[in-house]
């Protein structure tokens, strides 16, 4: 599909949205580059869905501005190049799966000669190839979700916005959806993944913006947000393991699962194991890695809460 | 507004009434009611002829029965239009389907106009078909056929269009059930306004006239209903009714004249205005 506009796929400046007395978005600055798989991460009620609705013109901002595919938010031409999976939806029960896709081929204004191929591809991608003639009324929640994903990917849009795409799925379904999102990313499609599932974002996204109470509180590549490299090692047969291991890096703590060293350059892991063995000790488990996104996320959200409380002069 | 988008929504709307068997149920009801009407009128005519009543009297009687049937039919139509149109937008909002549709290059105007055209095709088509079936059945068993059958069906279709437009507009802001219920109540109030207006004319109670006019013009179904009555009446009934003067005017099933052109134009403008209001309300609605 030919790209429209220039510049980033999504850009917002001081986007603010208020529903009556409730502030859904305070002042959101966002930038999503073309071709990246981008995660919008935040707890429930953080303003993620509002952001998406503003980008698509489903609701209007109270103030601020934004662009989707180089066009003003809600622009018809930008929407023609966009696929969207809403968070909560139910297709009309009387429609068959291929009829839902057909309707969206029409609404997306795809050339009629491409419909049959697009519908087949979409059903294949989401694992519903044999269920195309079935009515939606017979679909489980997970199957409806997969059909929604097929609708969003119809016609290979330039950008796909997925709002909590795996929330209704079992672990197997989640894995399949992750594969579909990876494939879309590999085809060069810009993907915005709205999620409160940290593991999801950690596995799929190139970059993440963490939203809390309507503001972006952190943004950057996932690896940068994950924190410093660490090593958890469980040993026995050594009188003072803390002294031995502490020579390689700061010991953060010790429990039943072992001793945690952080930071520790991953290239030094074999040296640590060799030192334990040389000292006559036995190594039961070695787990190199980084802090999880969950740790980083919780730290950020909690510190944001502390900052807010301090702003208004009350204790957290 | 895009014609392609509008026709996609029209197709969805008509397809829904066919696939959910709503149209089938309506058609079965139309056939059943035609059979009942045919049987009932046949019984009346046979009894009247056995009692050696004149053919003129019989035709006058049949015309009155036909108007009563049309009155019941207009209520059925109003209910059908209200409960088909009320969820047209409301249900899509509740299910979230509308979000995926509006994320396409589809405008809110496309959706309202497409829904309205689709519902009009179904309801107006049903009105014409079921109405024609009843008229033919009465003709077969009694020999009576009103002078202006197409005009009568046209006014009935106009009533349906008013009701479905109102229900569609209310469904933009209210839950489907509430929108349907409010529409039926407003339809009934309009008819009641017509009856009260006729009584006020018959008994010179001019003081309540502004109120009854307000009720009839606010939802112009009663204005159109007067057109149905007039078109179904034989000329003799109109002459006799006019001869009875103001007393006959109080009869809610009699009209001495068709609705003036101004009232028909008002009903048309009302439909356009309420449709525009529905578009405006939908465009302002937060999703």
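Chains as they are written, first to last, in our numbering: chain A, 27 to 342; chain B, 57 to 343. Virtual Cβ for every residue (Gly too), placed ideally from N, Cα, C. Treat the numbers as computed from the prediction; the structure is a model and nothing was measured.
Practice problem: Look up residue 28 of chain A in the DSSP assignment and say whether it is helix, strand or coil. | Solution: Note on residue 28 of chain A: pLDDT 48, under 50, position unreliable in the model; the coordinate value appears next. DSSP places residue 28 of chain A in coil when its eight states are reduced to three.
Notebook entry, point to check: According to the neighbour-count rule (16 or more other Cβ atoms, all chains shown, within 10 Å of its Cβ), is residue 9 of chain A buried or exposed?
Noted result: Nothing about residue 9 of chain A can be reported from this structure: the residues present for chain A run from 27 to 342 only.
Review point. Just reading off the beta strand (DSSP E) that residue 25 of chain A is part of, what are its end residues?
Key: Because chain A is modelled from 27 through 342, residue 25 of chain A falls outside the range shown and cannot be assessed.
- request: Output yes if chain B places a C-beta closer than 8 Å to the C-beta of residue 133 of chain A; else output no.
  value: yes
key: Beta-carbon contacts of residue 180 of chain B that lie in its chain and below 8 Å, excluding the five residues immediately before and after   = 213, 216 and 217
message = Using a Cβ distance threshold of 8 Å, determine whether the stretch 317–330 of chain B contacts the stretch 269–283 of chain B, with at least three qualifying pairs required.
response = yes
Checklist entry - On the three-state DSSP scale, how would you describe residue 91 of chain A? => result strand
Which of helix, strand or coil does DSSP assign to residue 119 of chain B?
-> helix
task: With 8 Å as the threshold, decide whether the Cβ of residue 118 of chain A is near any Cβ in chain B.
output: yes
Notebook entry, point to check: Just by C-beta distance, which residues in the stretch 157–169 of chain B are closer than 8 Å to chain A?
Noted result: 157, 158, 159, 160, 161, 162 and 163
Cut-off 6 Å between Cβ atoms - residues of its own chain near residue 155 of chain A, not counting five sequence neighbours on either side: 149
Alpha carbon to alpha carbon, what distance is there between residue 60 of chain B and residue 340 of chain B? 23 Å
### Query
Going by the CB atoms, is the gap between residue 280 of chain A and residue 259 of chain A shorter than 8 Å?
no
**Prompt:** Does any C-beta atom of chain A lie closer than 8 Å to the C-beta of residue 79 of chain B?
**Reply:** no
- Quick one: grab the DSSP three-state call for residue 76 of chain B. coil
Taking one C-beta from the stretch 136–153 of chain B and one from the stretch 223–234 of chain B each time, how about it: are there three or more such pairs within less than 8 Å? yes
Member of A:295, A:183 and A:142 whose CA lies at the smallest distance from the CA of residue 128 of chain A
A:142
- Task: Pick out whichever of A:212, A:119 and A:304 has its Cα sitting closest to the Cα of residue 76 of chain B.
- Result: A:119
Worksheet item: What does residue 64 of chain A pair with, by DSSP beta-bridge criteria?
Response: A:218 and A:233
Going along chain B in order, which residues have a C-beta closer than 9 Å to the C-beta of residue 130 of chain A?
-> 156, 157 and 160
Cutting at 8 Å between CB atoms, please list the residues of its own chain near residue 242 of chain A, excluding the five before and the five after it. 54, 55, 56, 235 and 236
On the three-pair Cβ rule with 8 Å, is the stretch 258–278 of chain A touching the stretch 91–108 of chain A?
no
Next item on the list: Tell me, please, whether the CB atom of residue 174 of chain B is closer than 8 Å to any CB atom in chain A?
Entry: no
For residue 112 of chain A, decide whether its Cβ has a neighbour in chain B, counting only Cβ atoms nearer than 8 Å.
yes
* To do: Rounded to whole angstroms, what's the CA-CA distance from residue 100 of chain B to residue 107 of chain B? Just pull it up for me.
  => 11 Å
Identified DSSP bridge partners for residue 45 of chain A: A:48
- Inspect the CB distances between the stretch 147–160 of chain B and the stretch 98–116 of chain A and report whether three or more fall short of 8 Å. yes
Reference residue 209 of chain B, options B:122, B:246, B:68 and B:234, closest by Cα: B:122
Could you say which of A:71, A:144 and A:206 lies nearest to residue 188 of chain A if we only look at CA atoms?
A:206
Give a yes or no on whether the C-beta atoms belonging to residue 60 of chain A and residue 159 of chain B are separated by under 8 Å.
-> no
Q. Three-state secondary structure (DSSP) at residue 125 of chain A?
A. helix
Using the beta-carbon of each residue, which ones in chain A are nearer than 9 Å to residue 282 of chain B?
Result: empty, since nearest Cβ-Cβ is about 39 Å, beyond 9 Å.
Q) Would residue 92 of chain B be called buried (16 or more neighbouring beta carbons within 10 Å of its own) or exposed? A) exposed
- Any contact of the stretch 205–225 of chain A with the stretch 131–142 of chain A, i.e. 3+ C-beta pairs under 8 Å? no
Using CA atoms only, rank isn't needed, just tell me which of A:83, A:290 and A:248 is closest to residue 257 of chain A. A:290
Quiz item: Under a three-way DSSP split, which group does residue 297 of chain A fall into?
Solution: helix
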